[in-house]
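Student: Chains as they are written, first to last, in the working numbering: chain F, 1 to 416; chain G, 417 to 832. Think of the CB as a built atom: it goes at the ideal place given N, C-alpha and C, for glycine as much as any other residue.
Protein chains: 2
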Amino acid sequence: MRAEIIAVGSELLTPFRQDTNSLWLTNELNRLGIRVVHKAIVGDAPDEMRSSFGYALERADVIISCGGLGPTDDDRTRETVAELLGRKLKLDEEILRGIQERFRRFARTMPDINARQAMVPEGATILPNARGTAPGLWLESSGRIIVMLPGVPNELKGLFENEVAPRLSRIAPSERLYTRELRIWGLPESDVETRVRPLYELYPDTETTILSAITGIQLHPRIWSSDPTKAAAVLNEITSRMALALGEHLFSTRGETLEEVVARLLTEHRATVAVAESCTGGMVAEKLTNIAGSSAYFLGGVVCYSNELKTSMVGVPSEMIEAKGAVSSEVALALADGIRRRTGATIGVGITGIAGPGGGTAEKPVGLVHIGIADERGPRERAFRFTGDRDRIRTFATQTALDTIRRYFLFPATPR
Amino acid sequence: MRAEIIAVGSELLTPFRQDTNSLWLTNELNRLGIRVVHKAIVGDAPDEMRSSFGYALERADVIISCGGLGPTDDDRTRETVAELLGRKLKLDEEILRGIQERFRRFARTMPDINARQAMVPEGATILPNARGTAPGLWLESSGRIIVMLPGVPNELKGLFENEVAPRLSRIAPSERLYTRELRIWGLPESDVETRVRPLYELYPDTETTILSAITGIQLHPRIWSSDPTKAAAVLNEITSRMALALGEHLFSTRGETLEEVVARLLTEHRATVAVAESCTGGMVAEKLTNIAGSSAYFLGGVVCYSNELKTSMVGVPSEMIEAKGAVSSEVALALADGIRRRTGATIGVGITGIAGPGGGTAEKPVGLVHIGIADERGPRERAFRFTGDRDRIRTFATQTALDTIRRYFLFPATPR
């Protein structure tokens with residue numbers, strides 16, 4: 001079964017706003033065994049809408065539109081579809097009463113224009129919308145299914161889950177899409193590809209997408225199958241073999257973020273952590289605390305941007321900063337050890353580097369970052385050289401600091 | 417002039433990846449006076465591609481495609497366009513030499529498949545791509561312009577700026593789109609709309625889009641005009657009147673972020689700042705330091721997640737925490753004052769609150785956040801009640817803390 005998604009709304013043709021509903025819808029449709037073969041984004045001009053819906057009717061089995069069901073003259077999805085299918089629009093009294101009732105509940109009178117939302121093409125099934133005034137509409141015509149949903153994400157999701165998915169599920173093919181998500185840190189995309197590519201030929205039924213995000217490389221092996229048990233077995237097998245090929249660089253086989261993995265490791269080991277950050281400016285602390293319950297393992301940290309604060313708050317000797325420079329192995333070690341001692345955490349992390357764009361020298365270029373990690377046995381340190389702009393360097397340094405904590409638990413004897 | 421953008425690539429029909437080139441392209445096209453009337457996203461199936469390009473040829477003056485110019489069998493943009501226009505594909509020796517040369521520069525031999533990238537439809541103008549192997553292609557046919565660009569953002573941007581924009585500029589209509597971007601914090605979207613809506617009727621030629629982002633409300637007044645001076649005058653006028661209507665809630669009339677505005681104010685006043693954060697977990701420090709040169713005004717901060725750190729690092733009396741609770745006006749005041757004294761900053765900011773999802777009580781619910789600000793005259797404090805999930809509450813608290821610094825400089829006599 002082939003689907004086309006049409007996002008309706010002139011604001012989606014500006015540089016400011018993007019259609020995001022279609023990503024969510026694609027995932028839901030794929031899980032039902034329906035492939036998305038085309039996406040279209042149209043404004044509210046009648047010609048354009050006719051053209052987009054008309055073409056979609058020629059090539060897809062299922063057409064899902066989002067938006068254009070509001071009460072104003074610009075909301076023309078109902079009219080366009082009715083016209084293309086040669087159906088009349090009729091006022092549905094029950095929908096009208098529902099909309100009036102909804103306005104009453106919020107102590108308001110329904111404006112006359114909202115009556116437009118009760119207009120329905122002949123033969124349409126009405127999909128009740130618990131979260132808004134515009135109901136969804138389901139139409140069948142010459143073997144095609146047309147589903148009209150509102151563009152408000154919250155309303156669209158509720159309608160799809162409650163009304164559309166059960167109906168599609170009854171008619172969708174038995175073949176469904178099954179996926180895994182592997183995440184990798186510390187290898188460039190091309191190396192990840194080189195390591196896993198030999199597996200592609202061994203699993204010709206599995207398609208694997210590789211995505212490079214600033215927070216890590218993602219591998220998405222996918223398989224279409226009518227047998228969930230078999231699909232799971234194949235995906236487990238390919239995931240295990242990918243894990244072998246990727247070694248310690250693989251940090252999750254279920255789509256977790258690096259901070260989620262670190263949170264899990266800290267919790268499992270009943271360990272606590274504290275950080276002393278310079279160039280990352282609080283980003284490591286921010287990541288570690290964006291997880292609910294982080295107070296169980298995160299004690300706190302210092303953003304010691306100035307040299308004075310490195311000394312007064314974390315105890316880095318000012319002579320050391322003067323002799324070695326604020327960006328140095330020695331200071332990273334002292335930050336990691338100092339923050340651990342001052343907070344009483346199991347693990348201390350220290351980060352110092354040059355995020356740029358200014359401040360670099362030939363000896364210490366922009367992108368140079370020292371990351372230290374300390375436990376009761378003392379601190380260790382590694383230097384990295386990241387490339388890109390300030391934001392990218394800070395994010396890479398932050399992810400690498402999180403990964404340093406992960407690897408600490410992975411290799412307890414020789415942490416790096 | 418009407419444009420259609422076609423994004424080519426099967427990965428854009430998965431739930432994982434979004435076409436983002438079209439937002440950038442839309443902005444560039446609008447500035448050239450060209451409206452985007454349709455966007456399409458297609459995979460690499462030959463039928464789908466033919467259908468999308470075919471329909472686009474029927475309805476747009478300019479068609480810009482992104483992607484499908486790579487060296488593999490799946491890269492079919494060249495073939496599809498040539499076939500639809502009835503042109504032959506020919507090998508261009510000069511492009512081939514360029515690609516071979518490029519491989520040599522990276523000390524590699526060109527794989528045979530890359531020769532496909534030198535195939536060109538008859539009559540096409542070749543647009544040299546300094547950043548990659550695939551050149552862009554420009555074709556004219558029956559009054560339509562078809563521009564084929566690679567999908568890699570960096571290559572696409574270079575090609576558009578250097579090769580496409582100058583050519584389009586010569587034939588584009590004299591009417592261009594002019595815009596402003598106003599940013600607001602501290603008012604809900606509906607209030608912003610209520611305040612500025614009366615202006616819409618006074619400026620019927622101006623269209624205004626209102627966007628609600630987690631970092632603030634944005635207003636984009638836009639005008640199409642063939643007279644830049646007149647357009648600027650109208651936009652200046654409507655911007656001034658919007659500024660009046662929005663009062664102190666307006667923080668930028670040129671699309672700056674809140675942290676950029678705060679950075680500017682701190683620099684102008686030669687002031688320094690330090691922060692003591694609890695529930696925001698480093699996010700305020702992170703925002704303040706994601707601006708180049710922030711070491712001039714940001715001294716540092718403490719992420720005092722545990723009560724012990726609030727006492728040991730910022731000097732909040734432990735009896736106060738015990739008596740009033742860590743989330744209290746008193747502790748916010750003590751954090752702001754304490755971090756200012758310990759760092760010697762002009763301004764100290766203290767934040768304590770309940771980000772959730774756990775930890776709330778009837779008296780101190782999830783979303784309650786106290787924000788303190790201190791200067792040499794002492795600390796002041798305000799309490800807020802934010803709604804939403806953990807991430808939203810932390811982001812709102814962070815933005816409000818930045819806004820508190822902004823308002824400190826706006827109302828020096830009575831800072832809040």
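#1: Name, please, each residue of chain F whose Cβ falls closer than 8 Å to the Cβ of I639/G.
#2: Within the 9 Å Cβ cut-off, does C66/F reach chain G?
#3: Less than 9 Å between the beta carbons of V37/F and A461/G, yes or no?
#4: Of all the CB atoms in chain F, is at least one closer than 9 Å to the CB of D477/G?
#5: Please confirm if the region 386-395 of chain F is in contact with the region 2-11 of chain F, defined as three or more CB-CB distances below 8 Å between the two stretches.
#6: On the DSSP bridge assignment, give the partners of W640/G in chain order.
#7: Please report the distance separating the alpha-carbon of R416/F from that of A213/F.
#8: Restricting to Cα atoms, I'd like to know which of T696/G, G716/G, L553/G and D753/G is closest to G281/F.
#9: How would you write the range of the beta strand (DSSP E) that I210/F sits in, first residue to last?
#10: Could you tell me which whole beta strand (DSSP E) segments of length 3 or greater appear in the region 327-401 of chain F?
#11: Between the Cα of M442/F and the Cα atoms of L89/F, I113/F and E48/F, which residue gives the shortest distance?
#12: If you count every other CB in all the chains shown that lies within 10 Å of the CB of G378/F, and 16 or more means buried, which is it?
#13: If I measure Cβ to Cβ from E609/G and keep anything under 7 Å in the same chain, skipping five residues before and after, which residues do I get?
#14: Starting from the Cα of L410/F, find the closest Cα among P228/F, Q100/F and L266/F and give me that residue.
#15: Would Y200/F count as contacting chain G if we go by Cβ distances under 9 Å?
#16: Closer than 6 Å by C-beta to T311/F: which residues in its own chain qualify, once you throw out the five before and the five after it? Chain order, please.
#17: Taking C-beta to C-beta, are A276/F and M320/F nearer than 9 Å?
#18: Determine whether the beta carbon atoms of L553/G and R492/G lie at a separation below 9 Å.
#19: For A7/F, which of helix, strand or coil comes out of DSSP?
#20: Roughly how many angstroms separate the alpha carbons of A797/G and V302/F, rounded to a whole number?
#21: L565/G lies in the beta strand (DSSP E); which residues open and close that run?
#22: In chain order, what are the residue ranges of uninterrupted alpha helix (DSSP H) at least 4 long that sit wholly in the region 251-290 of chain F?
#23: For the region 480-490 of chain G and the region 524-533 of chain G, state whether three or more C-beta atom pairs, one from each stretch, are separated by less than 8 Å.
#24: Can you tell which of T346/F, G359/F, C304/F and G344/F has its C-alpha closest to the C-alpha of A332/F?
#25: Go through its chain and collect everything with a Cβ distance to T655/G's Cβ below 8 Å, but skip five positions before and after it.
#26: Give me the subset of the region 805-821 of chain G whose CB atoms are less than 8 Å from a CB atom of chain F, sorted by chain position.
#27: Going straight from the alpha carbon of A679/G to that of Y713/G, what length do you get?
#28: Cβ closer than 9 Å: which chain F residues qualify as neighbours of A456/G?
#29: Just list the beta strand (DSSP E) runs in the region 304-329 of chain F, keeping only unbroken ones of 3 residues or longer that don't cross its boundaries, in chain order.
#30: Taking only beta-carbon positions, decide if A45/F is within less than 9 Å of chain G.
#31: Any contact of the region 455-474 of chain G with the region 495-502 of chain G, i.e. 3+ C-beta pairs under 8 Å?
#32: E48/F touches chain G at which residues, Cβ-Cβ below 8 Å?
#33: Name, in chain order, the residues that DSSP records as bridge partners for L125/F.
#34: If I'm right that L57/F touches R144/F with Cβ under 8 Å, what's the distance once you round it to whole angstroms?
#35: For L715/G, which three-state DSSP category applies?
#36: Let me confirm a value: K646/G is counted as buried when at least 16 other C-beta atoms fall within 10 Å, else exposed. Which label applies?
Tutor: In short, the structure shows the following:
#1: The premise fails here: I639/G is roughly 14 Å from chain F at the closest Cβ pair, so nothing lies under 8 Å.
#2: no
#3: Yes; because the gap between Cβ atoms is below 9 Å, this pair is in contact.
#4: no
#5: no
#6: L593/G
#7: Note that R416/F has pLDDT 43, beneath the 50 cutoff, so the model's placement of it is unreliable and no number is given.
#8: G716/G
#9: From DSSP, the beta strand (DSSP E) with I210/F extends over T206 to A213.
#10: 347-353, 368-375 and 378-385
#11: Because chain F spans 1 through 416 in this model, residue 442/F falls outside it and cannot be assessed.
#12: Counting Cβ neighbours within 10 Å, G378/F comes out exposed, since fewer than 16 surround it.
#13: Non-local beta-carbon contacts of E609/G in its own chain, meaning distances under 7 Å to residues more than five positions away in sequence, involve I626 in chain order.
#14: Nearest C-alpha to L410/F among P228/F, Q100/F and L266/F: L266/F.
#15: no
#16: S318.
#17: Contact flag unset, no.
#18: no
#19: Secondary structure at A7/F: strand, using DSSP grouped into helix, strand and coil.
#20: Just to set this straight, residue 797/G is Glu in the shown sequence, not Ala. Whole-angstrom Cα-Cα distance: 23 Å.
#21: R560 to L565
#22: 258-268 and 283-289
#23: yes
#24: Closest option to A332/F, Cα to Cα, is C304/F.
#25: Cβ neighbours of T655/G beyond the five flanking positions: R596, L598, P637 and T669.
#26: R806, D807 and R810
#27: 8 Å
#28: H38, K39, A40, I41 and S52
#29: none
#30: yes
#31: Touching, yes, given that three or more Cβ pairs across the two stretches are closer than 8 Å.
#32: V453, H454 and R475
#33: Per the sequence shown, the amino acid found at residue 125/F is Thr instead of Leu. DSSP lists W138/F as the bridge partner or partners of T125/F.
#34: 6 Å
#35: strand
#36: Flag for K646/G reads exposed.
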